[in-house]
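Quick notes on the structure that follows.
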Amino acid sequence: MDAYRRIADRIAADITSGRLRPGERLPPQRKFARRHGIAASTAERAYGELVRRGLVVGEVGRGTFVRAAAAAPAGRSLTEAATAAPVNMELNYPSAPGQPELLAPALAPLVRPDVLTDALRPAPADGTAAAREAMAGLLATPGWRPSPDQVLFTGNARQAIAAALASLVRPGGRVGVEALTYPLVKEIAARLGITLVPLDTDEEGVRPEAVAGARLSALYLQPALHNPTSVTMSGARRAQLAEAVRDLELPVVEDRIWSFLVDDSVTPLAACAPHLTHVVDGLSKRVAPGLTVGFLVVPPHRVEAVAGAVRSGGWSAGRFALEAGVRWTGDGTVARLVAAKREDAARRQELVAEHLGGFRVRSDPRAYFAWWELPAPWRADTFTAAAAAHGIAVTPGPAFAVDPSRTPDAVRLGLASAPVPDLERALRTLAGIAAAAAGGRSAR
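Numbered by the working numbering, the letters in the sequence shown go through residues 1247 to 1690 in order.
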């Protein structure tokens, strides 16, 4: 076995045994090399191997820290083993009570042999006339109603984002985003060869003046219930931002995947800048992630360009899912699920307020997630590791950060997927972990 792997194995054993705990800093590589009488390059490869295994994390200018540890002996409150089933607060797919029973009737006609042949074929980018009409109605708000001819379809909302950006921005182009953004947008941008530019934000989202001097090819924004901070732009801010993009003739991709949780008075940015805005939405959150469809509402003059991107990317919707979505929309199932999920999100936010009320938590009573700015001395990675030791998965803040040099000491809590009793237990446990390391004091 190579020397660096033997060294990595020894350090890994110290981590899994608890001798090295989450958050503990390893010696600088050169110091470690001198102490153990090895070459600096061997130490570097050993540390790299530990990073590859997910056991440590290296932070530029700060050092290398233990990321995860196995359970320690009883009585050590920050690393003791979980006593109940794991709770995944990274996943965030809401499910309403009785959801399967609501969804099943619309699917029954689609599995008849005389219907199934057509239902299993791929759908074109513009779907069907019935689908365009149904989804235009579903997406409409009192201040905005898209034309059915502007609606395109993809397999899910992520593919809709990819198609919109691919049609708008050439490789090497610059796309402005909130400083904290949807992590998969970072992956999409990397695959498309696009540079993401973090823009200055305040309590209402992106500042309009930040857009003007950024030399951008497009914007990607989440104006309603921004993930992860839950910020929703006011009408005044949307109007100011629309004026800025109109002056620059700057295209916008407006992600409204969580907008169904806010009331219909929150008009999309597309109502203020219709010739520039590409609206992304879908059924995964409204309905269910396993059988879903993504939507794109695009300016009339861009329909063919975006449809071409959908086709070339292989992002077309399945006809079965499309037909199911039309039926669920037409028979009122989607509306009933939305109403139930709004109530469910409000109840889960009450639990956040009850158990994390003394900490710095940014959220919205309507949202299915919360952004927790951790109390000192916690960092995002060490808190994530401590939570994992208790069987709770949370998303570390740096996953959302566009600028790798500005990594927030925060975590996002996804509230939607865990059953309510498990969620309440997890929130109580996380509060205890945070307070213990902060000397028993919560931080406002």
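For every residue, glycine included, the Cβ atom is placed at its ideal position computed from N, Cα and C.
- Ranking 1387, 1651, 1673, 1495 by CA distance to the CA of residue 1594 puts 1673 first.
- Between the region 1508-1517 and the region 1453-1464, the count of C-beta pairs closer than 8 Å stays below three; the two stretches do not touch.
- Put simply, of 1658, 1653, 1425, 1615 the residue whose alpha carbon is nearest the alpha carbon of residue 1633 is 1658.
- Relative to residue 1401, the option among 1538, 1586, 1373 whose CA is nearest is 1538.
- The Cβ atoms of residue 1275 and residue 1258 do not sit closer than 9 Å to each other.
- Per the Cβ contact rule, the region 1486-1504 is not in contact with the region 1643-1651 (fewer than 3 Cβ pairs under 8 Å).
- Pairwise C-beta distances place the region 1429-1447 out of contact with the region 1486-1495, as fewer than three of them are shorter than 8 Å.
- For residue 1354, the closest C-alpha among the options 1570, 1429, 1638, 1369 is that of 1570.
- Closest in C-alpha terms to residue 1499, from the list 1470, 1480, 1475, comes 1470.
- One alpha carbon belongs to residue 1356, the other to residue 1368, and they sit about 15 Å apart.
- Secondary structure at residue 1397: strand, using DSSP grouped into helix, strand and coil.
- Residue range 1309-1312 is occupied by the beta strand (DSSP E) that includes residue 1312.
- In the DSSP annotation of this structure, residue 1574 is not part of any beta strand (DSSP E); the continuous alpha helix (DSSP H) holding it starts and ends at 1565-1576.
- Check the Cα spacing between residue 1516 and each of 1481, 1534, 1680: the tightest is with 1481.
- In this structure, residue 1624 sits near residue 1655, with a CB-CB distance shorter than 9 Å.
- Rounded to whole angstroms, residue 1557 and residue 1472 show a C-alpha spacing of 29 Å.
- For residue 1391, the number of other beta carbons within 10 angstroms of its own is below 16, and it is reported as exposed.
- Apart from the 5 residues on each side of it in sequence, residue 1340 sits with its Cβ closer than 8 Å to the Cβ of 1531, 1587, 1590, 1591, 1614, 1662, 1663 in its chain, given in chain order.
- The beta-carbon separation of residue 1640 and residue 1336, rounded to 7 Å, stays under the 8 Å limit for a contact.
- For residue 1640, there is no enclosing beta strand (DSSP E), since its DSSP letter is neither H nor E.
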